[in-house]
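In UniProt numbering, the protein residues as written are 1 to 389. Heads up, the beta-carbon is just placed ideally off N, CA and C, and yes, glycines get one too. For reference, the structure discussed in these notes is given below.
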Amino acid sequence: MTVEARANFHAPELLTCDVLFTGIGGGHSPGGVVVANGVIAGTGDPATLRASYPHARERRAGAVIAPPPVNAHTHLDMSAYEFRALPYFRWIPEVVMAQREKRGVAGAVAGADELVRLGVGAVGDIVWQAEVLAPLLEREDLPGVLYFEVLSPFPERADDVFRAARTTLEAARRLERPGGPRVGLSPHTPFTVSHRLMRLLADYAAGEGLPVQIHVAEHPAESELFRTGRGPIWDSMTRFPYPATFAEVIGRAPEPELTPVRYLDELGALAGRPTLVHMVNVTPEDIGRVARAGCPVVTCPRSNAHLECGTFPWGAFAAAGVEVALGTDSVASGESLDVREEVAFARTLYPELDPRLLVRAAVKGGHRVTGTPTPLLRRGEAWHAHYVW
């Protein structure tokens, strides 16, 4: 080794953590990464790495070493909102409606900038206003999906609403850029999108290969609505122009065993494997239907807790083999756009779960939802400080 080479040489360093996820397999807990001259020399169990690299200086790096997490569900256009933790039926009027003048392009751009600053791996963003699409699609620093949101409970208006949505989507797809997000579709919820419109949107997305996200079973009142056709959700909706009965919206009579998931499944809306967001208030049969359909699920633990919606049954979904990802929802309910904070909260909320499961969901689960490649931490790859959470 030359004198110059010796001067530039740095002894290997063993970085240890509570959880290591390399993007391959199930991860290690505890875990470690050996870094030599800015390159990954080895990954795995710390004891094995100590034996293989006896001269490596050991240092605890942090709680987690993994590729950057994916924010698989958020509402960037609400990034200028102030966070408030309130029960769901107070939060909507007192936060969403009260601050609606803050919603739009400026908030979406600021939110996107924040995600880039955080070094997010990808994003799944719900876009409420069509004018938000262009400035986000022009970016080349934020991979993921922009799901254009569609809402209309009136079956008789379904064709017109669908045609308008298709026009918006087709125009937006022409703005996609390499490295940036692609266009997706979000039928808002099973109770705010008529049965006819839901089928039109689901069939169109499947035919065009568009990724889809649907908010499902977030609050317990949604289950009540499908069972009875009544309850707090129906009372809140009928303050606005709305069909006379819930049966008109879903094209069938509510019944005691009907759930939002069963409704979507029997309607055929799960055939294209949409991503289902929240899924807090579900039955074992619902979980089975989701597993058989092959639909991934995104959970937003902080938002669910802040809005008092309940706790996502993570263990049951994992046992059924359902792909789970993590999202922050909007800053108005989730408090921040940092998925690392979502993982930390989830570790306290689910002490019985292996923390490797949570980290894997934030990385690989998120990339599977957004259709983006999962970065790998492996020998010969460059080491980056943002791998430490």
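Is residue 195 helix, strand or coil by DSSP?
Under the three-state reduction of DSSP output, residue 195 falls in the helix class.
Mind checking residue 72: buried by the 16 CB within 10 Å criterion, or exposed?
Residue 72 counts as buried, since no fewer than 16 other beta carbons sit within 10 angstroms of its beta carbon.
Should residue 141 go down as buried or exposed, given a rule of 16 or more other Cβ atoms within 10 Å for buried?
So residue 141 counts as exposed.
Are the beta-carbon atoms belonging to residue 169 and residue 337 less than 9 Å from one another?
With respect to the 9 Å criterion, residue 169 and residue 337 are not classified as neighbours on the basis of their beta carbons.
Since I believe residue 158 is in contact with residue 196 (beta carbons under 8 Å), could you give me their beta-carbon distance rounded to a whole number of angstroms?
About 4 Å separates the two Cβ atoms, so the contact holds.
Could you check the C-alpha separation between residue 124 and residue 330 for me, to the nearest Å?
Going by the C-alpha atoms only, they are around 12 Å apart.
Across the stretch 186 to 205 and the stretch 261 to 272, are there enough close Cβ pairs to call them in contact, namely three or more that are closer than 8 Å?
Flag = yes, the stretch 186 to 205 and the stretch 261 to 272 touch.
From the DSSP output, in three-state form, read off residue 354 for me.
Residue 354 carries a coil assignment under DSSP once its states are collapsed to helix, strand and coil.
Report yes if the C-beta distance between residue 186 and residue 148 is below 9 Å; otherwise report no.
Residue 148 is positioned such that its CB atom lies closer than 9 Å to that of residue 186.
Host alpha helix (DSSP H) of residue 317 (start-end):
314 to 319 is the extent of the alpha helix (DSSP H) around residue 317.
Quick one: what's residue 219 bridged to in DSSP?
Residue pairing by DSSP leaves residue 219 without any beta bridge partner.
Close beta carbons around residue 225, own chain, < 7 Å, minus the five adjacent residues each side:
The answer, listed in chain order, is 191, 231, 233, 234, 246.
Starting from the C-beta of residue 371, find all residues in its chain whose C-beta is less than 8 Å away, skip the five residues before and the five after it, and write them out in chain order.
Excluding sequence positions up to five before and after residue 371, its CB lies within less than 8 Å of the CB of 145, 182, 211, all in the same chain and listed in chain order.
To the nearest whole angstrom, what separates the beta carbons of residue 277 and residue 215, a pair I think is in contact under 8 Å?
At roughly 5 Å, the Cβ-Cβ gap stays under 8 Å, so residue 277 and residue 215 are in contact.
Any idea which residues DSSP pairs residue 74 with across the strands?
For residue 74, which the question treats as bridged, DSSP gives the partners 125.
DSSP state of residue 287 mapped onto helix, strand, coil:
In the three-state reduction of the DSSP assignment, residue 287 falls in the helix class.
What residues match up with residue 147 in a beta bridge as DSSP calls it?
Residue 147 pairs with 126, 184.
Separation of residue 223 from residue 263, as counted between CA atoms
If you take the alpha carbons of residue 263 and residue 223, they lie about 11 Å apart.
Residue 472 burial status per 10 Å Cβ neighbour count (16 or more: buried)
The first residue shown for the chain is 1 and the last is 389, placing residue 472 beyond what the model contains.
Taking the C-alpha atoms as reference points, what is the distance between residue 122 and residue 328?
Approximately 13 Å, taken between the alpha carbons.
List the endpoints of the continuous alpha helix (DSSP H) containing residue 348.
The continuous alpha helix (DSSP H) containing residue 348 extends over residues 339 to 349.
Below 6 Å CB to CB, which residues in the same chain sit around residue 165 once its five sequence neighbours on both sides are set aside?
Closer than 6 Å at Cβ, skipping near neighbours: 150.
Extent of the continuous alpha helix (DSSP H) to which residue 261 belongs
Per DSSP, residue 261 is one residue of the alpha helix (DSSP H) stretching across 260 to 267.
Is it right to say residue 213 is buried, meaning 16 or more other beta carbons lie within 10 angstroms of its own, or is it exposed?
Answer is buried; the Cβ neighbour count reaches 16.
Helix, strand or coil at residue 65 [DSSP, three-state]
Of the three classes helix, strand and coil, the one that applies to residue 65 here is strand, per DSSP.
For residue 152, does the three-state DSSP call read helix, strand or coil?
Residue state, collapsed to three classes: strand.
With residue 314 and residue 63 assumed to form a contact (beta carbons below 8 Å), what rounded beta-carbon distance in angstroms separates them?
Contact flag wrong, Cβ pair sits at about 19 Å.
Can you find the residues in the same chain that come closer than 7 Å, C-beta to C-beta, to residue 359, ignoring five residues on each side of it along the sequence?
Take residue 359, set aside five residues on each side of it, and the residues of its chain with a beta-carbon closer than 7 Å to its own are 19, 21, 27, 64, 66, 343, in chain order.
Rounded to the nearest angstrom, how far is the Cβ of residue 290 from that of residue 324, given a contact under 8 Å?
In this structure residue 290 is not in contact with residue 324, their Cβ atoms being roughly 11 Å apart against a cut-off of 8 Å.
At which residues does the beta strand (DSSP E) containing residue 18 begin and terminate?
For residue 18, the enclosing beta strand (DSSP E) starts and ends at 13 to 20.
Can you find the residues in the same chain that come closer than 8 Å, C-beta to C-beta, to residue 288, ignoring five residues on each side of it along the sequence?
Apart from sequence neighbours up to five positions away, the residues of its chain that approach residue 288 with a beta-carbon distance below 8 Å are 320, ordered along the chain.
So residue 276 is in the beta strand (DSSP E); what residue range does that whole segment cover?
In the DSSP assignment, residue 276 falls within the beta strand (DSSP E) that extends over 275 to 278.
By how many angstroms is the C-alpha of residue 252 removed from the C-alpha of residue 39?
Rounded to whole angstroms, the gap between the alpha carbons of residue 39 and residue 252 is 60 Å.
Whole-number beta carbon distance between residue 108 and residue 152, since they are thought to touch under 8 Å
By a beta-carbon distance limit of 8 Å, residue 152 does not contact residue 108. Their separation comes to about 22 Å.
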